[in-house]
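Okay, so the sequence shown: first residue is 10 according to my numbering, each after it adds one.
Beta carbons: idealized from backbone N, C-alpha and C, even for Gly.
Please read all numbers here as calculations on a predicted model, not as lab measurements.
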Amino acid sequence: MQIGIVIQCSQIKDHFQLDALINFLARNNEYVFCFVNDRSNVPVVVLLEETKHSTELNIHIINVKRGTTIAESLLFGIGYLSRNDDVDYYGYINENIIISLKGMKCLTKALITNEDVSIVFARTRNEKIKLQLIDDECDMASTVDTLKFDRYGGLRRTITYEAVVFTSSIIPILFTESFVSYQCMDIELLLRLKSFVGRKNMKGHFRVVIIQGVGSTKEQKLSATESLKMLYIFYLKYGFFDFLRADKSKSLPSISS
10 MQIGIVIQCS QIKDHFQLDA LINFLARNNE YVFCFVNDRS NVPVVVLLEE TKHSTELNIH
70 IINVKRGTTI AESLLFGIGY LSRNDDVDYY GYINENIIIS LKGMKCLTKA LITNEDVSIV
130 FARTRNEKIK LQLIDDECDM ASTVDTLKFD RYGGLRRTIT YEAVVFTSSI IPILFTESFV
190 SYQCMDIELL LRLKSFVGRK NMKGHFRVVI IQGVGSTKEQ KLSATESLKM LYIFYLKYGF
250 FDFLRADKSK SLPSISS
């Protein structure tokens, strides 16, 4: 089993710890990392090139034009991995790489454990542990972002997820002529699937899981009304989706450490 992870180099912040990444890859050889170089973060690219040539770790670096959007980087990275590696699951990590690597194992496990799940999203928001090194614990206790809708049913603001994992079955859908790249890699980007496969084919085809971390604050939890509203919006816009919310009373078995 191979898990391909795409990272846009311009999204790597100052707290990026190369040693932590190397240690993670050394302990988890099922992961293949594809860094998309948009020529805006030269120091990081130099470090990655040196690491690639001095180790046997699964690191790939591809070059794209400057100013390439996150969504476009994801497509370039997925395209490269699908041509060069036998990848079963694909993931995207946004800015906070260190924390997302720690949670990536949980997200991947959610797909493996729940065979009917095709996409898993999560975003950590605990700034206090931003610099924490990777360990072997699969801990999703930090909070996860939720969607907000206005009274007209539209997205109130853009939600960007730090980590997304999906199965290889989604690849043909992403690479269609009608696919439109957007600046942000959020839930909307992947849930526009109705444009590609049609509403009648969506039912039972995809099941979306948005993980909400155990122990998150009351204010950041979805209320029953919000959950129903999200289901309604998803039904109108995308056909039908099952929506699962993992919390203290109902958690996915794959979230436990």
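Within its chain, find whatever has a CB closer than 7 Å to the CB of aspartate 4; leave out the 5 residues flanking it on each side and keep chain order.
Any property of residue 4 remains undetermined from this structure, which presents the chain solely from 10 to 266.
What ranges does the beta strand (DSSP E) occupy inside the stretch 48 to 109, keeping only unbroken runs of at least 3 residues that lie completely in it?
68 to 72, 98 to 102
Let me confirm a value: asparagine 33 is counted as buried when at least 16 other C-beta atoms fall within 10 Å, else exposed. Which label applies?
Start at 1 with the first residue of the sequence shown, and residue 33 comes out as number 24. For the sequence presented, residue 33 should be read as phenylalanine rather than asparagine. Classification of phenylalanine 33: buried, given that the 10 Å Cβ count is 16 or more.
By DSSP, does asparagine 276 sit in helix, in strand, or in coil?
Residue 276 falls outside the range modelled here, since the chain spans only 10 to 266, and no answer is possible.
Under a three-way DSSP split, which group does isoleucine 21 fall into?
Your numbering for residue 21 matches position 12 in the sequence shown. If DSSP states are grouped into helix, strand and coil, isoleucine 21 belongs with coil.
Exposed or buried, valine 55, counting other C-beta atoms within 10 Å across all chains shown (16 or more means buried)?
As a position in the sequence shown, residue 55 is number 46, starting the count at 1. Exposed, because fewer than 16 other Cβ atoms sit within 10 Å of the Cβ of valine 55.
Strictly by DSSP, which residues pair up with threonine 122?
The sequence position of residue 122 within the sequence shown is 113, counting from 1. None; threonine 122 has no bridge partner.
Throw me the rounded Cβ distance for the valine 174 and tyrosine 98 pair, which I believe falls under 8 Å.
Mapped onto the sequence shown, residue 174 falls at position 165. Mapped onto the sequence shown, residue 98 falls at position 89. About 6 Å separates the two Cβ atoms, so the contact holds.
Can you give me the C-alpha to C-alpha distance between lysine 74 and glycine 100, rounded to a whole angstrom?
Taking the first residue of the sequence shown as position 1, residue 74 is located at position 65. Taking the first residue of the sequence shown as position 1, residue 100 is located at position 91. When rounded, the distance between both Cα atoms is 22 Å.
Could you give the first and the last residue of the continuous beta strand (DSSP E) run that contains phenylalanine 44?
Counted from its first residue, the sequence shown places residue 44 at position 35. 40 to 46 is the span of the beta strand (DSSP E), which, as asked, contains phenylalanine 44.
Can you tell me where the beta strand (DSSP E) with phenylalanine 184 in it begins and where it stops?
Locating residue 184 in the sequence shown gives position 175, where the first residue counts as 1. Premise fails: phenylalanine 184 is in no beta strand (DSSP E) and is neither H nor E.
At a Cβ threshold of 8 Å, is serine 63 touching chain C?
Among the protein chains of the structure shown there is no chain C, as only one such chain exists.
Please name the residue in Ile79, Thr176, Leu66 whose C-alpha comes closest to that of serine 127.
Taking the sequence shown and counting its residues from 1, one reaches residue 127 at position 118. Nearest C-alpha to serine 127: Thr176.
Output yes or no for whether 8 Å exceeds the beta carbon distance between isoleucine 31 and isoleucine 106.
The residue labelled residue 31 in the question sits at position 22 within the sequence shown. The residue labelled residue 106 in the question sits at position 97 within the sequence shown. In this structure, isoleucine 106 does not lie closer than 8 Å to isoleucine 31 by Cβ.
Can you check which of these residues, Ala80, Ile179, Ser91, is closest to leucine 120 by C-alpha distance?
As a working mapping, residue 120 is identified with position 111 in the sequence shown. Between leucine 120 and the set Ala80, Ile179, Ser91, the nearest pair of CA atoms involves Ile179.
Can you list, in chain order, the residues of its chain with a C-beta nearer than 8 Å to that of threonine 77? Leave out the 5 residues immediately preceding and following it.
Working through the sequence shown from its first residue, we reach residue 77 at position 68. Around threonine 77: Gln17, Val45, Asp47, Phe85.
Taking the C-alpha atoms as reference points, what is the distance between histidine 62 and isoleucine 79?
On the sequence shown, residue 62 is found 53 positions in, with the first residue counted as 1. On the sequence shown, residue 79 is found 70 positions in, with the first residue counted as 1. So the alpha carbons of these two residues sit roughly 26 Å apart.
Starting from glycine 13, follow its DSSP beta bridges and name the residues at the other end.
Residue 13 sits at position 4 when you count from the first residue of the sequence shown. DSSP output for glycine 13 lists Val41, Tyr99 as bridge partner(s).
Evaluate phenylalanine 184 with the Cβ neighbour count: other Cβ atoms within 10 Å of its Cβ, from every protein chain shown; 16 or more gives buried, anything less gives exposed.
As a working note, residue 184 is residue 175 in the sequence shown. Exposed, by the Cβ-count rule.
Expressed to the nearest angstrom, what Euclidean distance is found between the alpha-carbon atoms of valine 129 and leucine 116?
As a working mapping, residue 129 is identified with position 120 in the sequence shown. As a working mapping, residue 116 is identified with position 107 in the sequence shown. In a straight line, the C-alpha of valine 129 is about 6 Å away from that of leucine 116.
Can you find the residues in the same chain that come closer than 6 Å, C-beta to C-beta, to serine 181, ignoring five residues on each side of it along the sequence?
The count along the sequence shown starts at 1 and reaches residue 181 at position 172. Correcting the residue identity first, residue 181 is proline in this sequence and not serine. There are no such residues.
From threonine 122 to phenylalanine 25, what distance separates their C-alpha atoms?
The residue given as residue 122 occupies position 113 in the sequence shown. The residue given as residue 25 occupies position 16 in the sequence shown. In this structure, the alpha-carbon of threonine 122 lies about 30 Å from that of phenylalanine 25.
To the nearest angstrom, how far is the alpha carbon of asparagine 72 from that of lysine 118?
As a working note, residue 72 is residue 63 in the sequence shown. As a working note, residue 118 is residue 109 in the sequence shown. Rounded to the nearest whole angstrom, the C-alpha separation of asparagine 72 and lysine 118 is 30 Å.
Pop quiz: alanine 35 and leucine 66 are said to be a contact at Cβ under 8 Å. What is the actual Cβ separation, rounded to whole angstroms?
Locating residue 35 in the sequence shown gives position 26, counting from the first residue. Locating residue 66 in the sequence shown gives position 57, counting from the first residue. The pair is a contact, with the Cβ atoms about 7 Å apart (cut-off 8 Å).
Whole angstroms are fine: how far does the CA of leucine 57 sit from the CA of valine 51?
In the sequence shown, residue 51 corresponds to position 42, counting from 1. In the sequence shown, residue 57 corresponds to position 48, counting from 1. For valine 51 and leucine 57, the distance between alpha carbons rounds to 10 Å.
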